[in-house]
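Structure first, then comments.
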Amino acid sequence: MATTKIWTEINYQRDGKQVGYLNLPHSVTRSAYGAIAIPVAVVKQGEGPTALLMAGNHGDEYEGQIALSKLIAVLEATQVCGRVIILPATNLPAAMAGARVSPIDEVNLNRAFPGDPAGTITRQIAHYVDSVLFPMADVVHDFHSGGSSLDYLAFASVHESGDPAIDARGLAALRAFGAPLSLQWKRGGDADLSFASYACMRHGAPYLGGEFGGGGRVSRAGVGLVERGLRRLLAQTGILDPALAPPSEPEPIRMVAVPGRDWFAYAPEPGLFEPATELGEAVRKGDLCGLVHFVDNPARTPLPCHFKEDGFVVCKRHLGRVERGDCVAHLAVDI
Ligand code: CA
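Quick note on numbering: the sequence shown equals residues 62 to 396 in our numbering.
As structure tokens, then:
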């Protein structure tokens, strides 16, 4: 079986705090023997559980990248019982470009699992995370946002795995994280198994995600929620002294779910999309989601787009121009 080409001076078994790089060989004209240096930190003391904290899976989703960079600066080995592995910019080329996909191979890391040690750069990153890091982890939190094209109500999330034991551990971890909006992505028959979530859970570890902002911005509230929630998660896992975790958020947890594909709305034609709802708004099946305008041909009647189910708007497209098939909104429902 082929093994990873990624090499590192980090020793995952060593006690103490190490901040270094995962070096992914990338031989190009300007650097014949060069490597892409993906930042990693390991903070370990003694025996105990391992938490893997990731951000920059999508490079244009910033709250987690900032929160994890700040965590690396302050977390000390004396504060932990077990191990915390932190990847603040997992798909480094994408993070440095402020882009969802890598500029090197145009691959979306979160559609590349379980990866390929002989594949393109992003597939090699996926393979390292899947074959080296996920097997070490007792819990994984991968921080996302809506990226450049989507706006989200901030939430932490779990993906339904289909394994009741993993799902129970995931929901307990989600409650410990304590986001006022906490969401479960239901697993339909059309689940895309190339997501990091499903790859992680195939190794038996619960996987938390979440959308903490969007629109290519940095949400201050999102950064703060990640910073507080991850400490509560580490305390629940037994890695961090609960005295070092902040208290629960003042708001009670609202548990919601995205049941499936029918809770998404897509642009029916290319044009300029005028949304008819705001984030957080409750809607009914058949309600107007928005209108596609044809500003190059104003004689053409704007085309409506309707919601196919009841729910509330948790995600909206950020950008005005749409192509046919772009997601313009999706709903969640209370559970
Ligand atoms: Ca994302």
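Glycine included, each C-beta is placed from N, C-alpha and C at the ideal position.
Length of the line joining the Cα atoms of residue i and residue j
| i | j | result |
| --- | --- | --- |
| E400 | A240 | Outside the shown range of the chain, which is 62 to 396, sits residue 400, and nothing can be said about it. |
| G386 | E330 | 8 Å |
| G77 | G107 | 9 Å |
| G265 | D357 | 53 Å |
| C376 | L392 | 7 Å |
| A234 | I227 | 10 Å |
| P308 | P359 | 55 Å |
| P100 | D302 | 26 Å |
| C388 | A304 | 42 Å |
| V145 | H354 | 49 Å |
| V279 | A160 | 14 Å |
| I43 | I314 | The question about residue 43 has no answer here: the residues shown for the chain are numbered 62 through 396. |
| R382 | G283 | 26 Å |
| A150 | L83 | 11 Å |
| E342 | R378 | 15 Å |
| T64 | V219 | 30 Å |
| A296 | G143 | 11 Å |
Residue i Cβ short of 7 Å to ligand 1 heavy atom set
| i | result |
| --- | --- |
| E2 | One cannot answer for residue 2 here, as it falls past the ends of the chain, which runs 62 to 396. |
| N124 | Position check: residue 124 holds Glu in this sequence, whereas Asn was assumed. No, the beta carbon of E124 sits no closer than 7 Å to any heavy atom of ligand 1. |
| H391 | no |
| H205 | yes |
| H484 | Since the first and last residues shown for the chain are 62 and 396, residue 484 lies out of range. |
| H379 | no |
| H119 | yes |
CB-CB length for residue i against residue j, believed under 8 Å
| i | j | result |
| --- | --- | --- |
| K105 | V80 | Going by Cβ atoms, the distance from K105 to V80 rounds to 12 Å, so no, they are not a contact pair. |
| M316 | S222 | The Cβ separation is near 17 Å, so there is no contact. |
| L211 | L340 | Actually they do not touch by this definition, with Cβ atoms about 11 Å apart. |
| A116 | L129 | 5 Å |
| G277 | D395 | Contact doesn't hold; Cβ gap of about 29 Å is too wide. |
| A112 | P175 | That belief does not hold up - the Cβ atoms of A112 and P175 are roughly 21 Å apart, past 8 Å. |
Residue burial classification, residue i (beta-carbon count within 10 angstroms, cutoff 16)
| i | result |
| --- | --- |
| S88 | exposed |
| Y94 | exposed |
| K346 | exposed |
| Q74 | exposed |
| T69 | buried |
| R230 | buried |
| A217 | buried |
| D191 | buried |
| D199 | buried |
| S398 | Look at the range of the chain in this structure, 62 to 396, and you will see that residue 398 is not part of it. |
| N152 | buried |
| N118 | buried |
| T298 | buried |
| P439 | Missing from the structure shown is residue 439; the chain here goes from 62 to 396 and no further. |
Residue i Cβ short of 7 Å to ligand 3 heavy atom set
| i | result |
| --- | --- |
| G208 | You won't find ligand 3 in this model; what it holds is ligand 1. |
Are the segment 268-285 and the segment 361-373 touching by the rule of at least three beta carbon pairs closer than 8 Å? no
With contact counted as at least three CB pairs below 8 Å, one residue from each stretch, are the segment 123-130 and the segment 163-178 in contact? no
Sufficient close CB pairs (3 or more, under 8 Å) joining the segment 192-205 to the segment 269-288: yes
If contact is defined by three or more beta carbon pairs under 8 Å, each pair taking one atom from either stretch, is the segment 320-334 in contact with the segment 166-183? no
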